[in-house]
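**Q** Numbered according to the working numbering, the sequence shown terminates at residue 288, and the numbering increases by one at each position without gaps. Where is the CB? At the ideal position from N, CA and C, for every residue including glycine. All values derive from a computational prediction rather than experimental measurement. Encoded as structure tokens, here's the structure I'll be asking about.
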Amino acid sequence: MKFKLVVTYSDEKIDVFKRLLNSLKNQKEQFLIVCVYQGQQSIDEHYSMIKEYVEDKFVLLQSERCSLSKARNKALEYIYENYHINEDDLILFPDDDCWYENDFFEKISNLDWRANEFYSFRVFDPYEKKEFGKRKKDISVNLNYLNSFRLPISVGLVIKLNVFRENVNYFNELLGVGAPVGSGEETEVVLKLLHNKCKGNYYGFIDVYHEVYKVDEVFILKYAKYAIGQGYCLKIFARRFSPVIWLVFIELLIRSLVGYLISSKNLSVMYKIRFISLVKGIFHNYDK
């Protein structure tokens, strides 16, 4: 299999971005990483920095400050215009602050790509020994309209590039970090794939590394916007794809209420904010 990675980064996160690049050094499979730099520094300096880690296996684009979805679309447009898409091409969307184990690509190449057209992996913090969002280890689950809100996360997605091009093509620039709706872009990708009868699997035997977020006041403020977007997306996706998605909304409300009642301090506040923000989201209209 051949891997194409799309990542965007800024001056504020150079150190963690280097960690991602360093984790690519020992990958045995063929790959190309398309980097979108959102900053004003000389692109020549960044070119040299990236080359130090991955030699000539990269493309570097420069962009004005924009949303995550828009930056990813710039990279996708470059790939579509400059590379022929083969049956064995895979596309990944790592965050600049994630990283991989040394045999990550090799493990992915050995998966059953005849049975599935995309996979989602466990996202795990090796420092804190915690997984993101209680995504379980050592389980394999077929993805559907309900669990697509709980299991897939963009940093852990790997998709056949020809399947992505045919069924998704580009990210919705209304959704995601830095966009009007601060969440939902990867969930929409998964729902589009499922809607078009593509088969996907959550495979908890492979990890993508990413540090878990510290629940403090800054995180809670960001999470409020995220949860409003989540409520809005649940409403839109239920209308567009399946009314069964309303069950996810009900489950999140119940879990938020229980979390508020049984948790302490910042966690309790976070669950309260999520409950309120989810409800706000279904009444919000970003089209105005």
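(1) Name the residue from 22, 198, 29, 258 whose alpha carbon lies nearest to the alpha carbon of residue 144.
(2) Nearest to residue 248 by CA position, among 187, 25, 140, 6, is which residue?
(3) Looking at the secondary structure, which residues open and close the alpha helix (DSSP H) in which residue 142 lies?
(4) Quick one: Cα of residue 221 to Cα of residue 13, how far?
(5) Taking all protein chains shown into account, decide if residue 218 is buried (16 or more other Cβ within 10 angstroms of its Cβ) or exposed.
(6) Is residue 133 buried or exposed, if buried means 16 or more other CB atoms sit within 10 Å of its CB?
(7) From the DSSP output, in three-state form, read off residue 132 for me.
(8) If I measure Cβ to Cβ from residue 159 and keep anything under 6 Å in the same chain, skipping five residues before and after, which residues do I get?
(9) Please classify residue 13: does DSSP put it in a helix, a strand, or coil?
(10) Measure the beta-carbon distance from residue 49 to residue 29 and round it to whole angstroms, keeping in mind my assumption that it falls under 8 Å.
(11) Are there three or more Cβ pairs, one per stretch, closer than 8 Å when the stretch 29-38 is compared with the stretch 49-67?
(12) Thinking C-beta only, is residue 213 closer than 8 Å to residue 100?
(13) What does a CB cutoff of less than 8 Å around residue 140 pick up in its chain, not counting 5 residues either side in sequence?
(14) Looking at the secondary structure, which residues open and close the alpha helix (DSSP H) in which residue 44 lies?
(15) The alpha helix (DSSP H) that contains residue 239, what's its start and end?
(16) Going by C-alpha to C-alpha distance, which of 53, 42, 195 sits closest to residue 24?
(17) To which residues of the same chain is residue 116 closer than 7 Å at the C-beta, ignoring the five residues directly before and after it?
(18) Thinking C-alpha only, which one of 126, 161, 243, 227 is nearest residue 176?
(19) For residue 231 versus residue 280, is the C-beta distance shorter than 8 Å?
(20) Closest by CA to residue 240, which one among 142, 195, 286, 76?
(21) List in chain order: all unbroken alpha helix (DSSP H) runs of 4+ residues lying wholly within the stretch 156-209.
(22) Can you have a look at residue 255 and say buried or exposed, based on whether 16 or more other CB atoms are within 10 angstroms of its CB?
(23) Tell me whether residue 122 sits in a helix, a strand or coil according to DSSP, three-state version.
(24) CA-CA distance, residue 173 and residue 179?
(25) Keeping to the same chain, check which residues put their C-beta closer than 6 Å to that of residue 182; ignore five residues upstream and five downstream.
**A** With the structure as the only source:
(1) Here residue 144 refers to the residue found at position 144 of the sequence shown. Cα-wise, what sits closest to residue 144 is 198.
(2) As a position in the sequence shown, residue 248 is number 248, starting the count at 1. Comparing Cα positions, the closest option is 187.
(3) By one-based count along the sequence shown, residue 142 stands at place 142. Careful: residue 142 lies outside any alpha helix (DSSP H), inside the beta strand (DSSP E) at 140-142.
(4) Here residue 221 corresponds to residue number 221 of the sequence shown, with the count starting at 1. Here residue 13 corresponds to residue number 13 of the sequence shown, with the count starting at 1. When rounded, the distance between both Cα atoms is 21 Å.
(5) Within the sequence shown, the letter at position 218 stands for residue 218. Result: exposed.
(6) As a position in the sequence shown, residue 133 is number 133, starting the count at 1. It is exposed - the Cβ of residue 133 has fewer than 16 other Cβ atoms within 10 Å.
(7) As a working note, residue 132 is residue 132 in the sequence shown. The answer is helix: DSSP assigns residue 132 an H, G or I state.
(8) Taking the sequence shown and counting its residues from 1, one reaches residue 159 at position 159. Excluding residues within five positions, the ones whose Cβ falls inside 6 Å are 91, 118.
(9) The sequence position of residue 13 within the sequence shown is 13, counting from 1. Helix at residue 13.
(10) Position 49 of the sequence shown, counted from the first residue, corresponds to residue 49. Position 29 of the sequence shown, counted from the first residue, corresponds to residue 29. That pair is no contact at about 23 Å.
(11) Contact check between the stretch 29-38 and the stretch 49-67: three or more CB pairs, one atom from each, fall below 8 Å, which counts as touching.
(12) Here residue 100 refers to the residue found at position 100 when the sequence shown is read from its first residue. Here residue 213 refers to the residue found at position 213 when the sequence shown is read from its first residue. No, Cβ-Cβ distance for residue 100 and residue 213 is not below 8 Å.
(13) Against the sequence shown, residue 140 aligns to sequence position 140. Within the same chain, residue 140 has close Cβ partners 201, 202, 203, 204, 205.
(14) As a position in the sequence shown, residue 44 is number 44, starting the count at 1. Residues 43-54.
(15) Residue numbering aside, residue 239 sits at position 239 when the sequence shown is read from its first letter. From DSSP, the alpha helix (DSSP H) with residue 239 extends over 217-240.
(16) Indexing the sequence shown from 1 puts residue 24 at position 24. Comparing Cα positions, the closest option is 53.
(17) Against the sequence shown, residue 116 aligns to sequence position 116. Taken in chain order, the residues that qualify are 199, 200, 201.
(18) Here the question's residue 176 lines up with position 176 in the sequence shown. With distances taken between Cα atoms, residue 176 lies closest to 227.
(19) Taking the first residue of the sequence shown as 1, we reach residue 231 at position 231. Taking the first residue of the sequence shown as 1, we reach residue 280 at position 280. Yes. Within cutoff.
(20) Translated into the one-based positions of the sequence shown, residue 240 becomes position 240. Measuring from the Cα of residue 240, the nearest candidate turns out to be 195.
(21) 161-167, 185-195
(22) Locating residue 255 in the sequence shown gives position 255, counting from the first residue. Residue 255 is exposed by the Cβ-count criterion.
(23) Stepping through the sequence shown from its first residue, residue 122 is reached at position 122. Note: residue 122 maps to strand in three-state DSSP.
(24) Here residue 173 corresponds to residue number 173 of the sequence shown, with the count starting at 1. Here residue 179 corresponds to residue number 179 of the sequence shown, with the count starting at 1. Using only the alpha carbons, I get a separation of about 7 Å.
(25) Translated into the one-based positions of the sequence shown, residue 182 becomes position 182. Excluding sequence neighbours, residue 182 sits near 225, 226, 229.
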